[in-house]
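So the mapping is simple: the working numbering equals the position in the sequence shown, first residue as 1, plus 754. The C-beta atom is built at its ideal place from N, Cα and C for all residues, glycine as well. In what follows, a structure is listed as structure tokens, so that the remarks can point back to it.
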Amino acid sequence: MHDSDWDNMRSLQPKPVEVRDPVCGVRIDPRHSAATRTIRGESVFFCSTLCLEKFDINPGHYEHAPAR
755 MHDSDWDNMR SLQPKPVEVR DPVCGVRIDP RHSAATRTIR GESVFFCSTL
805 CLEKFDINPG HYEHAPAR
């Protein structure tokens, strides 16, 4: 196989999906999130347990959850 064949195969790979942590706004890959919550049937992903704790204290403050 030539190098260009490998480059073509890599370009066909799906790009990772990113979501935004509703607390701090950091973009994260949901497969590697530190924590999740299900809100109104949708998953909300967090970059850290600290952000999750802040969210749990006042989830109504984060109107845009679940954020994508």
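Asked                                                                                                        : Found
Asn812 - DSSP class collapsed to helix/strand/coil                                                           : coil
Arg822, buried or exposed, once every other Cβ within 10 Å from all chains shown has been counted against 16 : Model confidence at Arg822 stands at a pLDDT of 46, short of 50, so the residue's coordinates are unreliable; what they give is reported in the following sentence. So Arg822 counts as exposed.
Coarse secondary structure for Glu796, derived from DSSP in three states                                     : strand
Status (buried if at least 16 other CB within 10 Å, exposed otherwise) for Ile782                            : buried
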